[in-house]
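Participant: For reference, the structure I am asking about is given below.
2 protein chains.
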Amino acid sequence: MADPAAQRTAPPASPLTTGPLARASGVAVSTLRFYERQGLLEPDGRSDGGYRQYSPDSVRRVRFIRRAQELGFTLREVREVLALSDEPGRIVLDDVAEQVSDKLAELDQRIADLRGVRAALALLVETGPVHPTCPVIDAIV
Amino acid sequence: MADPAAQRTAPPASPLTTGPLARASGVAVSTLRFYERQGLLEPDGRSDGGYRQYSPDSVRRVRFIRRAQELGFTLREVREVLALSDEPGRIVLDDVAEQVSDKLAELDQRIADLRGVRAALALLVETGPVHPTCPVIDAIV
DNA sequence: GTCGACCGTGAACCACGGTGCAGGGTCAAG
DNA sequence: CTTGACCCTGCACCGTGGTTCACGGTCGAC
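Written out as structure tokens, the structure reads:
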């Protein structure tokens, strides 16, 4: 038990401050504070001096936010999902399922749209010459 | 030739003003003026009283802008494409092909991402219960 | 010629997703 | 105990994509 590796199993291992969390999750410190203002991310506590303290899990949370954004979700939507996942006991499963289903349909539509444009653009690249009346517009509209 | 339908073949048929164009293309009048400021849309001319006059083709143009936006293009990108398609003679084909190829790769990536999320969410809806440690986050991150 | 619907301008304002800055406190190494 | 790196707060600012507003001119029907 004198094993230094025992350290690794201690849950309160290393409360991160803003800098380390920012570096670990790939965002700016100012962005972390912005997310906090937006209700997306809450520090686990504060140090005596008022420094924000985050658990190592926060890295995952921030990465999730970024990833979801890349996928086209707004911060508002991300906040709602996170709020649901934060509620420990009563998970409003019907609500989640409904929201997720809506999002599914939306995603299907967007995927289909993008595939259509992809096909049109690919054809354009293959066939080369640009014709009168612009096939790009025809392809997309 | 006294046929009233002959009207329909007259090219300068009906120069649209902002209101009709807005209604026909499904945007607000203020949006048309905004697009003009952004260099996306230029009226063909002005009436004596200073009213903007658009050709019926403008409806297609505005719809194209909206559609491209839905598909994730920024107004800046749309403007560039339109500028190219507006240049009558020398079409910088290599540039277009390159840009379009880049956009293709981007689209492929986004489609793949969205399909991944789609699959994850679909599974979630099917299997129902939300588990500890949140599978939504696992699916997306 | 007068009415209402429509159009013009410039400027302010909005939501979103952040970024930057001033002025000051904290913390740990030396 | 000082020094330098880091952190705090609040507020202003940015680009993108528009919308709203005040104030005024235009147009066609009556």
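Chains as they are written, first to last, in our numbering: chain A, 5 to 145; chain B, 5 to 145. In this text, a Cβ means the ideal position worked out from N, Cα and C, and glycines have one as well.
#1: Bridge partners for L20(A) per DSSP, in chain order?
#2: Please report how far the alpha carbon of R80(B) lies from the alpha carbon of D52(A), in whole angstroms.
#3: Does R94(A) get closer than 8 Å to chain B when you measure Cβ to Cβ?
#4: Out of curiosity, what's the CA-to-CA distance linking L118(A) and A109(B)?
#5: Helix, strand or coil: how does DSSP classify R94(A) here?
#6: What does the alpha-carbon distance come out to for the pair R65(B) and S59(B)?
#7: Three-state secondary structure (DSSP) at G76(A)?
#8: Label T22(A) either buried or exposed according to how many other C-beta atoms from any shown protein chain fall within 10 Å of its C-beta, with 16 as the threshold for buried.
#9: Alpha carbon to alpha carbon, how far is L25(B) from V63(B)?
#10: Using a threshold of 8 Å, state whether the C-beta atoms of Q42(A) and R83(A) are closer than that.
#11: DSSP beta-bridge partners for G49(B)?
#12: With a threshold of 6 Å on Cβ separation, who are the neighbours of Y39(A) within its own chain once the five nearest residues in sequence on each side are excluded?
#13: If you draw a straight line from the C-alpha of A1(A) to the C-alpha of P47(A), how long is it?
#14: Pick helix, strand or coil for L2(B), following the three-state DSSP scheme.
#15: Alpha carbon to alpha carbon, how far is F77(A) from A160(B)? Give it in angstroms, no decimals.
#16: Is S18(A) buried or exposed, if buried means 16 or more other CB atoms sit within 10 Å of its CB?
#17: According to DSSP, is G30(A) helix, strand or coil?
#18: Using C-beta distances below 8 Å, list every residue in its chain close to R50(B), excluding the 5 sequence neighbours before and after it, in chain order.
#19: Would R67(B) and S29(B) qualify as a contact pair, given that the criterion is a beta-carbon distance under 8 Å?
#20: Nearest to A123(A) by alpha carbon, out of D112(B), D61(B), A87(B), L20(B)?
Facilitator: On the basis of the data shown:
#1: Y58(A)
#2: 48 Å
#3: Confidence is the limiting factor: at R94(A) the pLDDT is only 49, short of 50, which leaves the residue's position unreliable, though a coordinate-based value still follows. Not an interface residue.
#4: 11 Å
#5: Residue placement at R94(A) cannot be trusted, given a pLDDT of 49 that sits under 50; the coordinates are not used to answer.
#6: 10 Å
#7: coil
#8: buried
#9: 6 Å
#10: yes
#11: Q57(B)
#12: L45
#13: The structure shown does not extend to residue 1(A), since chain A spans only 5 to 145, so no value can be given for it.
#14: No answer is possible for residue 2(B): it lies beyond the span of chain B, which begins at 5 and ends at 145.
#15: This structure cannot speak to residue 160(B), because chain B is shown only from 5 to 145.
#16: exposed
#17: coil
#18: R56, Q57
#19: yes
#20: D112(B)
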